[in-house]
Structure formats: structure tokens, C-alpha cells
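Taking it in order: structure first as C-alpha cells, then the write-up.
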Amino acid sequence: MLDNSTLFVYPGDDGAKLMPKSRYENYIGGEWCAPKDGKYFENTSPTTGKVICEIPRSNSKDIELALDAAHKAAPDWGKTGPAIRANILLKIADRIEENTEMLALAETLDNGKPIREGHAADIPLTVDHFRYFAGAIRSQEGTIGNIDGMPSGGGNSALGMMAYHYPEPLGVVGQIIPWNFPILMAAWKLAPALAAGNAVVLKPAEQTPFSICVLMELIEDLLPPGVVNVVQGFGVEAGKPLASSNRIAKVGFTGETTTGKLIMQYASENLIPVTLELGGKSPNIYFKDVMDGDDAYISRCVEGFLHAYFNQGEVCTCPSRAIIHEDIYEPFMAMVEDRVNMLNCGTPFDLNTQVGAQASNEQFEKIMSYMDVGVQEGAKVLFGGGKRQME
């Protein structure tokens, strides 16, 4: 951060905590590997519209290579004691915590979110997830019980039948993460899978591939080769081969509902269990008696409306619509308008900024198309509604 300022030094500039490379590779088997077909795509920062770096445009060949590495690593990793795995997760958490500023910068450069969110929420929560699952795995215990009803002389003493169970890893799992919280969503998937003794093939979203590369460079020395493999690329070219592979024991996906349906379809061909966290539409409903509350209550209701703009609205639980009783519409929306106009929009690298850039031009254009449809259907624009030009 600049002295006596709330502004962080832009990545790549003199004195910055983050210095991006011009090109990154896939991380497979403990090594950084060029894509098999030698193809790359440009990763553009939504904060400036400029290219950050080149990223591998991987395909099924790269997925197979990563699966080879994961299957090679899975048996030994799965046999590693829970205490050892837990301690590795704790080391990962410590390493991330020590580099909070650098990772927050990477997330902002890649995703466009205000650095205040990454610095105060995304990265600390990432740390917390690794520590949580480090503790959780040490509390997992098997059980043993007698099932023939004869522990003290009763029943048929010749049987002596006992039942026991203990948790064991699935083996190799596929994970596909979204672009709205890249590092945090990676932690949500990696931490429990690693704690349970699984090897992972992870595919980041093509819109935000950079920050995961920074994360892996930071922690790669803490993990055995092949336990975590990161394959970059587009959904159809890299995500589909991963989700449809019969070499994974499970696939986890966070993203939009349409893609989630496809992931489930691909996995069903091999009867592979699937965990899906998909997009949602979350209306806020304001009844007439909202205005009967005291000032503090009404203020909280207004703040609930403003959750629509958290993380630039790129959260599955953000309010996408507000349904307001007609008797209170005018006074309530007047308060909302006053509050929205207090939001700080600006460079995401300033700690004072509350609303940054949309994660991609595709997302920006989609939002603008919704605005156009609304206006054409008679909606009145109360604030915003266009592209904001920064000084």
C-alpha cells in the first residue's frame, strides 16, 4: 500500500506486492506444464481492460495428464495419517495468511472486486476454511459394535460377529470453480477434499484463472506432487472432459444452473456422485409494515436492498429483485436512492472503493442488456444504468 494512502500499488508497478508473469502454465504432478497442444489465451483484467498474462487453453489431453498425476499420488496421500494432513492444511492456512495482501491484489486484478473485500473477507475466510477442515479431520473417528447380541454370554458364542466402519477417501475428485470468488471457492473445494485424503484435479473459471496460479505458486512446496493439479481452459474444452471422465470418483461444481445441469448429465454417464452449488434468484419482499418500524429497523431494510451490489452483484444470494408494497414504494425507494448514491465506486485498488468492476466484459454486457430490456418495457432508471468512466 502507498504511504499515507488507502490506495494499493498496482500489480506490476514498482513497489507492488504482486508482480504478474507474462505467461502461466498448468500445474500438474508438482510441475508447471505447458498445454499439450501449445495453445494459450489472453487473460484480461476487468480493472483496466489490459492483458494480465497468457493462460493455457487446455483440452482433454491435459486433463488426462492431470488425472494420471492424481491417480499416482492418491494412494499414498489417502494413507497419510489425518494428523499429518491436518498439519499440512494448517501450514497452507498460515502461508496464505502471511500473504493476504498479495493474494487480495491478485483477486482484484483478476476479478475486479474492491480490494477491501478480498483483504478483509475473501482471503481471511480462505484461511479459516483450511484451518476448519484441519480440525474437522482430526475429529473423525470410526466405530465398532457387536451385531450378534452376545457380548456377555448371550446369543451364539460361536459367531462373535462385529461391525466396524471407518472413513476413507474417494480417491481422485474433479473440481470446477466459478469466477466470482476464485480463491475462496477453491478453498471451499480443496480444503475438505485434501483433509479427507483425496487427490484433486481443479479447473478454474476461464474468466479468472490468474489468482489460482498465484495461490498455487505460493503453496506448491507444502503438498506432495500430484495431490493438487490445476488445469486451465474453457468449459467445453477442459471442464467437460473432467466432468465426464470415468477416472474421477466425484465432481464438485459451483456456477450457473445451466452448466450445472450439464455437469450432472456428464457425471451420470459414469454414475459419479455430484455436488452442485448453483446460481439463484433472490427477491427481497418489503411489506407495508416495513415503514412502521423504527429508524434502525428501516435502515436495516434499506441495507438489505443494498446487498444487491455486494461484490458487484456477482453473488448467487444477492437480491436480484425487490418487490415493494405500492403504498410504501415512493418513500422507501427515496431512501434507497439516497443510500445507493453514498456508495463509493472507483478503482478497485483503493480501500475506500465499495463497488469495483464487473468480472468480465461478458458479464458487463449481460447486465447492460438487462438494463436495455427494462427501459424498453417501461422501467424508470433512478440511478446508474450506464458505463461508469473512472478518472
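What the sequence shown shows, in the numbering used here, is residues 144 to 534, in sequence order.
We put the CB at the ideal spot given by N, CA and C, even for glycine.
The alpha helix (DSSP H) with residue i in it runs from where to where?
| i | result |
| --- | --- |
| His-272 | 266-281 |
| Thr-400 | 400-411 |
| Arg-254 | Going by the sequence as given, residue 254 is Asn instead of Arg. Residues 243-254. |
| Glu-197 | Not the alpha helix (DSSP H): Glu-197 falls in the beta strand (DSSP E), residues 194-199. |
| Tyr-472 | 472-483 |
| Glu-174 | Careful: Glu-174 lies outside any alpha helix (DSSP H), inside the beta strand (DSSP E) at 174-176. |
| Gly-517 | 504-519 |
| Lys-383 | 383-386 |
With distance defined between alpha-carbon atoms, name the residue in the options nearest to residue i.
| i | options | result |
| --- | --- | --- |
| Ile-206 | Asn-504, Gln-408, Phe-396 and Asn-169 | Asn-169 |
| Thr-460 | Gly-423, Lys-256 and Pro-367 | Gly-423 |
| Pro-347 | Asn-341, Val-417 and Met-359 | Met-359 |
| Thr-223 | Arg-281, Tyr-513 and Phe-396 | Arg-281 |
| Phe-396 | Asp-156, Pro-257 and Lys-404 | Lys-404 |
| Tyr-307 | Leu-327, Glu-284 and Val-316 | Glu-284 |
| Gly-181 | Pro-199, Phe-151, Gly-172 and Val-370 | Pro-199 |
| Leu-525 | Ala-381, Val-479 and Pro-335 | Val-479 |
| Glu-260 | Gln-506, Gly-499 and Ser-512 | Gly-499 |
| Arg-464 | Ile-428, Asp-481, Val-458 and Thr-418 | Ile-428 |
| Lys-164 | Glu-197, Gly-528 and Phe-151 | Glu-197 |
| Asn-242 | Asn-484, Ile-326 and Asn-389 | Ile-326 |
| Phe-324 | Ala-477, Asn-454, Asp-437 and Glu-349 | Asn-454 |
| Arg-238 | Ala-338, Leu-361 and Ile-466 | Leu-361 |
| Gln-318 | Ile-266, Glu-311, Ile-391 and Glu-380 | Ile-391 |
| Gly-255 | Asp-211, Glu-363, Lys-234 and Thr-187 | Thr-187 |
| Asn-341 | Lys-179, Ile-171 and Pro-312 | Pro-312 |
| Ile-287 | Ala-279, Asp-364 and Met-304 | Met-304 |
| Gly-527 | Asn-495, Asn-487, Pro-491 and Thr-149 | Asn-487 |
| Pro-189 | Ile-235, Ala-212, Pro-352 and Asn-289 | Pro-352 |
| Asp-156 | Ile-195, Trp-175 and Gly-172 | Ile-195 |
Between which two residues does the beta strand (DSSP E) carrying residue i extend?
| i | result |
| --- | --- |
| Asn-607 | With the chain running from 144 to 534 in the structure shown, residue 607 is simply not present. |
| Arg-464 | 462-467 |
| Leu-358 | Leu-358 -> not in any beta strand (DSSP E); alpha helix (DSSP H) instead, spanning 353-362. |
| Asn-202 | Run containing Asn-202: none; DSSP gives neither H nor E here. |
| Phe-184 | 183-187 |
| Val-417 | 417-421 |
| Val-373 | 371-373 |
| Ile-428 | 425-429 |
| Ile-171 | 169-171 |
Which term fits residue i, buried or exposed, when burial requires 16 or more other beta carbons within 10 angstroms of its beta carbon?
| i | result |
| --- | --- |
| Asp-493 | buried |
| Ser-354 | buried |
| Phe-475 | buried |
| Arg-228 | buried |
| Gln-519 | exposed |
| Gln-408 | exposed |
| Leu-185 | Checking the displayed sequence, the identity of residue 185 turns out to be Glu instead of Leu. That one is exposed. |
| Ala-502 | buried |
| Lys-383 | buried |
| Leu-414 | exposed |
| Tyr-513 | exposed |
| Gly-376 | buried |
| Asp-253 | buried |
| Leu-208 | buried |
| Val-379 | exposed |
| Tyr-167 | buried |
| Met-485 | exposed |
| Val-394 | buried |
| Pro-367 | exposed |
| Lys-332 | buried |
| Glu-508 | exposed |
| Thr-418 | exposed |
| Pro-426 | exposed |
| Ile-235 | buried |
| Ala-410 | buried |
| Glu-412 | exposed |
| Leu-161 | buried |
| Asp-146 | Caution applies to Asp-146, whose pLDDT of 48 falls short of 50 and renders its modelled position unreliable; the model cannot decide the point. |
Tell me whether residue i counts as near the ligand ADP, meaning its Cβ is closer than 8 Å to at least one heavy atom of that ligand.
| i | result |
| --- | --- |
| Met-359 | Ligands in the displayed structure: none, and consequently the ligand ADP is not present. |
Cβ of residue i less than 9 Å from any chain B Cβ?
| i | result |
| --- | --- |
| Met-328 | Checking the listed chains, one finds no chain B in this structure; it contains a single protein chain. |
Point to revise | Completely contained beta strand (DSSP E) runs for the stretch 286-351, where each covers 3 or more residues | key: 286-289, 305-308, 315-319 and 342-346
Check your understanding: Would you call the stretch 427-441 and the stretch 463-472 touching, i.e. three or more CB-CB distances under 8 Å?
Key -> yes
Check your understanding: Does the stretch 400-413 come close enough to the stretch 218-238 to have 3 or more Cβ pairs within less than 8 Å?
Key -> no
Review point. Is the stretch 237-253 touching the stretch 357-372, taking contact as three or more C-beta pairs under 8 Å?
Key: yes
**Study point:** Three-pair Cβ contact test at 8 Å for the stretch 360-372 versus the stretch 265-282
**Key:** no
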